[in-house]
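Q:
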Amino acid sequence: GAGVSQSPSNKVTEKGKDVELRCDPISGHTALYWYRQSLGQGLEFLIYFQGNSAPDKSGLPSDRFSAERTGGSVSTLTIQRTQQEDSAVYLCASSSPPGLANGELFFGEGSRLTVL
Amino acid sequence: AQKVTQAQTEISVVEKEDVTLDCVYETRDTTYYLFWYKQPPSGELVFLIRRNSFDEQNEISGRYSWNFQKSTSSFNFTITASQVVDSAVYFCALSENTGGFKTIFGAGTRLFVKA
Numbered sequence: 001g002a003g004v005s006q007s008p009s010n011k012v013t014e015k016g017k018d019v020e021l022r023c024d025p026i027s028g029h030t031a032l033y034w035y036r037q038s039l040g041q042g043l044e045f046l047i048y049f050q051g052n053s054a055p056d057k058s059g060l061p062s063d064r065f066s067a068e069r070t071g072g073s074v075s076t077l078t079i080q081r082t083q084q085e086d087s088a089v090y091l092c093a094s095s096s097p098p099g100l101a102n103g104e105l106f107f108g109e110g111s112r113l114t115v116l
Numbered sequence: 117a118q119k120v121t122q123a124q125t126e127i128s129v130v131e132k133e134d135v136t137l138d139c140v141y142e143t144r145d146t147t148y149y150l151f152w153y154k155q156p157p158s159g160e161l162v163f164l165i166r167r168n169s170f171d172e173q174n175e176i177s178g179r180y181s182w183n184f185q186k187s188t189s190s191f192n193f194t195i196t197a198s199q200v201v202d203s204a205v206y207f208c209a210l211s212e213n214t215g216g217f218k219t220i221f222g223a224g225t226r227l228f229v230k231a
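Chains as they are written, first to last, in our numbering: chain B, 1 to 116; chain E, 117 to 231.
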């Protein structure tokens, strides 16, 4: 597709359930990022991928959070045993390396997660 | 360590006023990139500008201008003659090479422009 695609756009789940959020980046973009934005807050860095590798996972809030990327393309962010504080908009972005292009991050529309 | 500080949480101005949004960054790299993004009420993040660490030339784009000063590790953003449509949250971001280009964002500055 032309832009970054995220699914689902909205997810309501019960506390304790697992959720998977998917991100389909712009074709050819080698870098992929996950951020979390709580209501009225800034962008909290979670993890980023360069190809299929994740050089920095330091932003993942706990071991309930994991992410993978396959084929240098689609990425899945998994949250196990969801808690109410996980409620937020999860944003995915992709980019080309700054040396090759503008380095601009292209964002998806986000997945809004609500944990009841 | 990589860090971006936007000390101004909220700014309120009246239309046609000039406003400057501050951004201070920390990095150990000599090669890095700085960005500004806009997040209007609709929610989508819009790229505004990128600067390379080796290019301190200031830039102007219409009513927007950016002042990059390595000596003070600042990358400030000025909107001249603000308009109501400028109301949004503005994020400063820093990208440095950590085996890829990790990009982190400041907490954002919410700008209210009143008619």
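Just so it is clear, CB atoms sit at the ideal spot from N, CA and C, and this is done for glycine as well.
What is the DSSP secondary structure of E/Lys132, reduced to helix, strand or coil?
A: coil
Q: For E/Phe193, count neighbouring Cβ atoms within 10 angstroms of its own Cβ and tell me buried if that reaches 16, exposed if not.
A: It counts as buried.
Q: Name the one or two DSSP bridge partners that E/Leu227 has.
A: E/Ile127, E/Ala204
Q: Answer with yes or no whether the minimum CB distance from E/Tyr141 to chain B is below 8 Å.
A: no
Q: In the structure shown, what three-state DSSP assignment does B/Gln154 receive?
A: Residue 154 of chain B cannot be examined here, being either before or after the span of chain B that is shown, 1 to 116.
Q: Pair every Cβ in the segment 47-63 of chain B with every Cβ in the segment 205-220 of chain E, then say whether three or more of these pairs are closer than 8 Å.
A: Judged by Cβ distances under 8 Å, the segment 47-63 of chain B makes contact with the segment 205-220 of chain E, as three or more pairs qualify.
Q: Just the C-alpha distance for B/Gly3 and B/Pro25, rounded to the nearest angstrom, thanks.
A: 7 Å
Q: Under 8 Å, Cβ to Cβ, is there at least one residue of chain E near B/Asp56?
A: yes
Q: Please report whether the beta-carbon of B/Gly42 lies at a distance below 8 Å from any beta-carbon of chain E.
A: yes
Q: If the cut is a Cβ gap below 7 Å, which residues of chain B does E/Phe184 touch?
A: The contacting residues do not exist; E/Phe184 stays about 15 Å from chain B at best.
Q: I'd like to know if the segment 134-147 of chain E and the segment 174-192 of chain E are in contact, where contact means that at least 3 CB-CB pairs between them fall below 8 Å.
A: Segments in contact, yes.
Q: Do the segment 125-140 of chain E and the segment 194-202 of chain E make contact, defined as three or more Cβ pairs closer than 8 Å?
A: yes
Q: Would a check of beta-carbon distances place B/Phe65 closer than 8 Å to chain E?
A: no
Q: Output needed for E/Tyr148: all residues of its chain with C-beta closer than 7 Å, excluding positions within five of it in sequence on either side, in chain order.
A: Ser169, Leu210, Ser211, Glu212
Q: Does the CB of B/Tyr90 have a neighbour CB from chain E at under 8 Å?
A: no
Q: Tell me E/Glu175's beta-bridge partners as DSSP assigns them.
A: According to DSSP, E/Glu175 bridges with E/Trp182.
Q: Mind checking E/Glu172: buried by the 16 CB within 10 Å criterion, or exposed?
A: exposed
Q: Sorted by chain position, which residues of the same chain lie with C-beta nearer than 7 Å to E/Val120's C-beta, five sequence neighbours on each side aside?
A: Cys139, Tyr141, Cys208, Ala209, Leu210, Ile220, Phe221, Gly222
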